[in-house]
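The structure under discussion appears below in the form of C-alpha cells.
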Amino acid sequence: MHSAVLLIEFGAIILALGLLGRIAGRLRFSPIPLYLLAGLAFGQGGLLPLGASEEFVATGAEIGVILLLLMLGLEYTASDLVSNLKTQYPAGAVDFALNALPGAAAALLLGWGPVAAVVLGGVTWISSSGVIAKVLGDLGRVGNRETPVVLSILVLEDLAMAVYLPIVTALVAGVSLAAGSVTLAIALGVAGLVLFVAVRYGRIISRFVSSDDPEKLLLVVLGLTILVAGIAQELQVSAAVGAFLVGIALSGEVAEGAHTLLSPLRDLFAAVFFVFFGLHTDPASIPPVLLPALALAVVTAGTKIATGYWAAKRAGIGVKGRWRAGGTLVARGEFSIVIAGLAVTAGVEPQLGPLATAYVLILVIVGPLTARWTEPVAARVTAWRRARRDGDGPAGPAPQDVVGARPETVEKVPLSKRQGPVEPSPVVD
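The sequence shown begins at 54 in the numbering used here and counts up by one.
Below is the structure:
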C-alpha cells in the first residue's frame, strides 16, 4: 500500500512540474518560482501535505544538486577556468564585496548571528547561471560583446563555490575551528588536484570516458559523477563541489555528448530539488520576512547591476553594453537555494529558509525583466538628464544619442562555451 501511495504522490509531483514548466514557457519566464510555489503548496502547512514520497523526493533533490553542478562544470574547461582566475579576479572581488556583504549585514541586523550571516551572504552573492543562460538565449545576446564578461563573472562565482561550500558545510555543522580548517584544506587540495589533473590529463580522462554508444556514455559519466560526489561528501567536502570538478575534468566531444544526454535528467531532478526546498518551508513563515526579503532584493539588484557595469567597463565595453551586462546578472536561483538549503537542513535559523525562498522568488522573476529593460531605461534617464542640463526641454535626444552610445548595431561575435578570458579592448557597444 505504501508503495502505491509513493508512486501516486511522486507521479502527481512530476506531472504538476511538467504542467508548471509548460505554463512558464508560454509566459516566457523561468519555471523556478513556480516549482518553489508548488513545494510550498504541498509541504509543511501547505494545501495538501505529502508524506509517503518525502524521503524519495529528498534523494531526488540531492541528485538534482549534483546534476546542476555537473552540468555547470561541463560548460567550462580547466584551462579556461585558470585563465579566468588570472585575468578576471578583480571583477570577482568586486562581485563578492558588492553582493555578499549586504546579505551578511542583513543577517546581523536581524540578529541571526555570524553563521547565518555567512550563509545569507552567499545567498545574495551568487547569480543564477541557469536563468541567465536562458535569458541570454531568449534575448539573442549570446554573441554580444558584453556576454563574455557576464560568463566570466559566473565562472568565478562557480569556482568560488569550491571554497565557499566546504566553509558553509563546516560552519552549519558546528565543527571546531581546527576541524573546519582541515575540511577547507581538504577541499582546496582536492579542487587543486582535480584542476591539475584536468589541465594535464584532461584528454586522457575524456578518452577513457568516451563512447560512441549514448547509453554507455550516460552510465559512465553519471556513475562517475555520483561516485566522486559521494567520496567528496565522505571527506567532508560538498558533494556538489565534487560533481562540479568532474564536469571540469571532461572536455571536447565527451562534454558535449554528456551535456546532451544529461540535460533531461538535470531538468527533472533540479525541479524536484526546488520542490523539496519548498516542501520544508512553511508558507505561514514567509509573510513575516517578506519586507526584509524585498528590501534585500532591491539593494542587491542594484549592486549586481553595478558589478556588471564596472566589469564591462573594465573590459572596454561601451555604455549600452555595460548596462546590459549589469541587468543580466540580477537573477538569483539554484545556487542561492542550495546554500540556504544547507542551513535549513542543519537548523541554523528558522527564518533563513523562508527569507531565501521569498528573496529568490522576487529576483528570479525580476531578473529577466532587468536583463531586458535596464539598458533602455538607463538610456532614457541619461537622455532626460542631458535635456535638463542643456535646457532642451523634456523631450531630449533619442536614446541612441546618449554619450558613449552609438546606434543599435551591436556587433555579434562567435561565442562558445569554451571561450577564454575577456581581454580589455577598444570601447564598443
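Backbone N, C-alpha and C fix where the C-beta goes; we use that ideal spot for every residue, glycine too.
Keep in mind that this is a model prediction, so the values were computed, not measured.
Closest by C-alpha distance to residue i, when choosing among the options
i, options, result
"ALA409", "ALA144, ALA293, ALA226 and ALA170", "ALA170"
"ASN197", "LEU416, LEU207, GLN404 and GLY371", "GLY371"
"GLY145", "GLY361, ALA393, PRO421 and VAL419", "GLY361"
"TYR88", "ALA323, SER132, GLU428 and ILE239", "ALA323"
"ALA91", "GLY74, VAL58, VAL281 and LEU80", "GLY74"
"TRP426", "VAL397, LEU349, TYR142 and LYS373", "LYS373"
"LYS366", "THR356, ALA378 and LYS357", "ALA378"
"ALA346", "LEU163, LEU395, GLY78 and ALA213", "LEU163"
"VAL208", "VAL243, PRO155, PHE297 and VAL262", "PHE297"
"PRO86", "VAL281, ILE418 and ILE76", "ILE418"
"PHE95", "LEU246, GLY283, ILE67 and ARG441", "ILE67"
"THR313", "LEU344, ASP443, LEU270 and LYS357", "LEU270"
"GLN141", "VAL203, THR398, GLY242 and GLU287", "VAL203"
"GLY242", "VAL274, VAL294 and SER264", "VAL294"
"VAL401", "GLY71, LEU127 and GLY166", "GLY166"
"VAL147", "ILE358, LEU344 and TRP437", "ILE358"
"ALA186", "GLY310, GLU128 and ALA311", "GLU128"
"ILE339", "VAL325, PRO267, LEU405 and PHE249", "LEU405"
"ASN152", "ALA65, SER136, PHE63 and GLU210", "GLU210"
"LEU123", "ARG441, LEU212, ARG81 and ALA238", "LEU212"
"VAL483", "GLY183, ALA158 and ARG79", "This structure does not reach residue 483, given that the chain is present from 54 up to 482, and the question cannot be answered."
"LEU321", "GLY276, LEU93 and GLY64", "GLY64"
"GLU309", "LEU125, PRO341, GLU108 and LEU189", "LEU125"
"VAL58", "LEU72, GLU108, PRO84 and VAL184", "GLU108"
"ALA160", "VAL342, TRP437 and ASP443", "VAL342"
"SER280", "VAL299, PRO317 and GLU268", "First, the amino acid is wrong: residue 280 is Leu here, not Ser. When each option's Cα is compared against that of LEU280, the closest is VAL299."
"VAL325", "LEU80, GLY78 and PRO84", "PRO84"
"VAL168", "LYS139, ALA223, VAL188 and GLU199", "ALA223"
"VAL188", "GLY276, ARG438 and GLY420", "GLY420"
"PRO317", "LEU80, LEU72 and GLY117", "GLY117"
"VAL184", "ASP443, GLY78, THR356 and ARG439", "GLY78"
"ILE239", "GLN286, ASP266 and GLY276", "GLN286"
"VAL352", "ARG433, LEU154 and LEU80", "LEU154"
"ASP266", "VAL434, ALA311 and ASP443", "ALA311"
"GLY245", "ARG438, VAL135 and THR398", "VAL135"
"THR356", "ARG441, ALA440 and ALA150", "ALA150"
Nearest-angstrom Cβ-Cβ length linking residue i and residue j, presumed shorter than 8 angstroms
i, j, result
"LEU121", "ARG375", "Contact flag wrong, Cβ pair sits at about 29 angstroms."
"ALA354", "THR423", "6 angstroms"
"ALA292", "ILE119", "6 angstroms"
"PRO403", "THR334", "Not confirmed; about 10 angstroms, so no contact."
"VAL225", "ALA396", "5 angstroms"
"LEU315", "GLY156", "Between GLY156 and LEU315 the Cβ distance is about 31 angstroms, and since that is not below 8 angstroms, they are no contact."
"GLY283", "VAL221", "Incorrect: roughly 19 angstroms between the Cβ atoms, too far for contact."
"SER132", "VAL235", "Contact flag wrong, Cβ pair sits at about 30 angstroms."
"GLU428", "GLY380", "6 angstroms"
"ILE206", "ALA364", "6 angstroms"
"PRO336", "LEU93", "5 angstroms"
"SER264", "VAL273", "7 angstroms"
Chain B contact for residue i (CB, 8 angstroms cutoff)
i, result
"TRP178", "Absent from the structure: chain B. Only one protein chain is present."
- Stretch-stretch touch, CB-based, cutoff 8 angstroms, three pairs: the region 256–267 with the region 299–316: yes
- Completely contained alpha helix (DSSP H) runs for the region 370–455, where each covers 4 or more residues: 372–381, 387–399 and 405–443
- Task: Examine the Cβ distances between the region 401–416 and the region 376–386 and report whether three or more of them are shorter than 8 angstroms.
- Result: yes
- Query: So, do the region 389–399 and the region 193–201 have three or more beta carbon pairs nearer to each other than 8 angstroms?
  - Reply: no
- Message: Within 8 angstroms, do at least three Cβ pairs link the region 314–330 to the region 109–126?
- Response: yes
- How do the region 208–225 and the region 169–187 stand: do at least 3 beta-carbon pairs fall below 8 angstroms, yes or no? yes
- Message: Please give me, in chain order, every unbroken run of the alpha helix (DSSP H) with length at least 4 that falls completely inside the region 143–220.
- Response: 167–178 and 182–191
- Task: Write down every uninterrupted run of the alpha helix (DSSP H) in the region 237–308 whose length is 4 residues or greater and which is fully enclosed by it, in chain order.
- Result: 267–287 and 292–302
- Segments of 4+ residues assigned as alpha helix (DSSP H) that fall wholly inside the region 341–373: none
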